[in-house]
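**Student:**
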Amino acid sequence: MARVLITGAGGFVGRHLARLLSAEGHEVQGLCAHFEDAPAVAEALGRPRERVVACDITRPDDVLAAFASDPPEAVVHLAGLTFVPEANRRPGLALEVNAVGTRNLLEAARVHAPGARFVYVSTSDVYGDLRPEDLPIHEGTPVHPLNAYSISKAGAELFCYQYARV
Numbered sequence: 364m365a366r367v368l369i370t371g372a373g374g375f376v377g378r379h380l381a382r383l384l385s386a387e388g389h390e391v392q393g394l395c396a397h398f399e400d401a402p403a404v405a406e407a408l409g410r411p412r413e414r415v416v417a418c419d420i421t422r423p424d425d426v427l428a429a430f431a432s433d434p435p436e437a438v439v440h441l442a443g444l445t446f447v448p449e450a451n452r453r454p455g456l457a458l459e460v461n462a463v464g465t466r467n468l469l470e471a472a473r474v475h476a477p478g479a480r481f482v483y484v485s486t487s488d489v490y491g492d493l494r495p496e497d498l499p500i501h502e503g504t505p506v507h508p509l510n511a512y513s514i515s516k517a518g519a520e521l522f523c524y525q526y527a528r529v
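When we follow the numbering used here, the leftmost residue of the sequence shown carries the number 364, and every step to the right adds one.
(1) Where Glu-449 and Glu-459 are concerned, what is the direct C-alpha to C-alpha distance, given to the nearest angstrom?
(2) Check whether chain B comes within 7 Å of Met-364, counting only Cβ atoms and requiring the distance to be less than that.
(3) Does the separation of the CB atoms of Leu-383 and Val-438 fall below 7 Å?
(4) Mind listing, in chain order, the continuous alpha helix (DSSP H) runs of no fewer than 4 residues lying wholly within the region 397-472?
(5) Please check the pair Arg-473 and Tyr-526, which I expect to be a contact at CB under 8 Å, by giving their CB distance rounded to whole angstroms.
(6) Going by DSSP, which residues form a beta bridge with Gln-392?
(7) Assuming Glu-470 contacts Pro-435 under a Cβ cut-off of 8 Å, what Cβ separation, rounded to an integer in Å, is found between them?
(8) Just to confirm my understanding: we take Ala-442, look at its own chain, exclude 5 residues before and 5 after, and list those with CB closer than 6 Å. What are they?
(9) DSSP puts Phe-481 in a beta bridge; with which residues?
(10) Roughly how many angstroms lie between the CA atoms of Leu-521 and Tyr-512, to the nearest whole one?
(11) By the three-class DSSP mapping on this structure, what secondary structure does His-475 have?
(12) So what does DSSP say about His-379, is it helix, strand or coil?
(13) Taking the beta carbon of Arg-412 as the centre, do at least 16 other beta carbons fall within 10 Å, making it buried, or is it exposed?
(14) Going by beta carbon distance, what residues of the same chain come within less than 6 Å of Arg-366, once the five residues before and after it are set aside?
(15) Short of 6 Å in beta carbon distance, which residues of its chain neighbour Asn-467, apart from the five on each side in sequence? Order them along the chain.
(16) Which same chain residues end up closer than 7 Å to Leu-456 when comparing Cβ atoms and leaving out the 5 residues on each side of it in sequence?
(17) What is the DSSP secondary structure of Ile-514, reduced to helix, strand or coil?
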């Protein structure tokens, strides 16, 4: 079974994914932005609290330390500033968390877990206003972000493309 690191493990999808992977026998480490989320994540994992790490993904040294302590074989990146109105009110924060935070995770994986699979969860908002004839979308569909949230997520995707080539 794999050692999987889940960012955003304190969120709805993160907690459920952690529970599923843990039940399947994977060794799961949850990263949470807020330590107060740790008990819920630890409960979802059914594991001791030390398997849940409070980590601000905008701080490169914190991210590097989280990866160095127990390098994962896979990363599922769910963390981010996801409330669109807040991202639009605070575009700098949206870019810092969503784009730069993703870059920090990718760099930590490159340094401490170079063989790890990295799954980035984005949003269809990066494609802008789609018409029915534009569907289905695929990886080659051009992006056309229309707000701070989708711009920050598109930026994160570009970092993923960059690191996939390194």
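Just so it is clear, CB atoms sit at the ideal spot from N, CA and C, and this is done for glycine as well.
**Tutor:** To lay it out plainly:
(1) 13 Å
(2) Looking for chain B here will not work: only one protein chain is present.
(3) no
(4) 401-408, 423-432, 447-452, 454-457
(5) 6 Å
(6) Leu-368
(7) That belief does not hold up - the Cβ atoms of Glu-470 and Pro-435 are roughly 14 Å apart, past 8 Å.
(8) Thr-370, Gly-371, Ile-420
(9) Val-438
(10) 14 Å
(11) helix
(12) helix
(13) Residue placement at Arg-412 is flagged as unreliable, the pLDDT there being 48, under the threshold of 50; the coordinate-derived value follows with that caveat. That one is exposed.
(14) Glu-390, Pro-435, Glu-436
(15) Ile-420, Pro-423, Val-426
(16) Leu-444
(17) helix
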